[in-house]
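To start, the structure itself, in structure tokens.
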Amino acid sequence: MSQITRELVVAAALDLLDEVGLDQVSTRVLAQRLGIKQPSLYWHFHNKDELLAAMAAAAMAPHARFGLPNRSDDWRQWFMDNYLSFRQTLLLRRDGARLHAGSRPVGEGLERTTAKVDFLVGCGLSRRLVEMAMLAASRFTVGSVLEQQAEQTTPPTSQRPGSEIDHDEAFRAGIGLIVAGLAQENDHIKR
Numbered sequence: 050m051s052q053i054t055r056e057l058v059v060a061a062a063l064d065l066l067d068e069v070g071l072d073q074v075s076t077r078v079l080a081q082r083l084g085i086k087q088p089s090l091y092w093h094f095h096n097k098d099e100l101l102a103a104m105a106a107a108a109m110a111p112h113a114r115f116g117l118p119n120r121s122d123d124w125r126q127w128f129m130d131n132y133l134s135f136r137q138t139l140l141l142r143r144d145g146a147r148l149h150a151g152s153r154p155v156g157e158g159l160e161r162t163t164a165k166v167d168f169l170v171g172c173g174l175s176r177r178l179v180e181m182a183m184l185a186a187s188r189f190t191v192g193s194v195l196e197q198q199a200e201q202t203t204p205p206t207s208q209r210p211g212s213e214i215d216h217d218e219a220f221r222a223g224i225g226l227i228v229a230g231l232a233q234e235n236d237h238i239k240r
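Encoded structure:
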């Protein structure tokens, strides 16, 4: 294979993730897939954790295309739409929630997060409440996708409770509760 780039390694690793799942992603299998020796991967990534972080960041690219808020946006609707986009992005990849769990925004991702917080604060919300609501919504999103993806890989049984859950409806309801709680708590602080 010709020139191996960092981007090519990440793309191949994400393809491998979709095929075999997070537990089966290994640098050995990835190197074989790329037609290189395993130590060559360490030219681009010092260890598997660094590779997984790059994979998680790349997997978020579809969500990054969800626009940053405009001053004219209704913050409640924007908040809902932002986390719907985040959820859809996590669902695009096998084990997307597991891959993303524990990652932190860096670089452009951190700049986007800061812009989102600033937008909500500019709408009159308390910075501390915004930060806590975004953290809660992010964790709720990852957790709900984790449950949905686990259900997809678990053989169905008639005795499994909760298998009749409409994941879209449940997610929308949960994010709606976070939005309502944020609005109510913010109103309480302003009194």
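In my numbering, the protein residues as written are 50 to 240. Built from N, CA and C at the ideal position, the CB exists for glycine as well.
- Whose C-alpha, out of 231, 161, 141, is nearest the C-alpha of residue 197? Closest option to residue 197, Cα to Cα, is 141.
- Task: Determine the direct distance from the alpha carbon of residue 90 to that of residue 172, and round the result to whole angstroms.
- Result: 46 angstroms
- Message: Output needed for residue 127: all residues of its chain with C-beta closer than 7 angstroms, excluding positions within five of it in sequence on either side, in chain order.
- Response: 118
- Indicate the three-state DSSP secondary structure (helix, strand or coil) for residue 95 in the structure shown. Reduced to three states, the DSSP call for residue 95 is coil.
- Message: Three Cβ pairs or more, each shorter than 8 angstroms: is that satisfied between the region 105 to 120 and the region 150 to 161?
- Response: yes
- Message: residue 82 and residue 66 - do their beta-carbons sit closer together than 9 angstroms?
- Response: No, they are not a contact pair.
- Assumed close pair residue 182, residue 231 - CB separation to whole angstroms, cut-off 8 angstroms: 4 angstroms
- Starting from the C-beta of residue 190, find all residues in its chain whose C-beta is less than 6 angstroms away, skip the five residues before and the five after it, and write them out in chain order. 132, 135, 136
- Query: Going straight from the alpha carbon of residue 234 to that of residue 178, what length do you get?
  - Reply: Those two C-alpha atoms are separated by around 8 angstroms.
- For residue 85, which of 57, 112, 169, 202 has the nearest alpha-carbon? 57
- residue 124, buried or exposed, once every other Cβ within 10 Å from all chains shown has been counted against 16: Around the C-beta of residue 124, 16 or more other C-beta atoms lie within 10 Å, and the residue is accordingly described as buried.
- Message: Please state the DSSP three-state secondary structure of residue 83.
- Response: helix
- Item | Reduced DSSP secondary structure (H/G/I, E/B, other) of residue 120 | Residue 120: coil per DSSP, three-state reduction.
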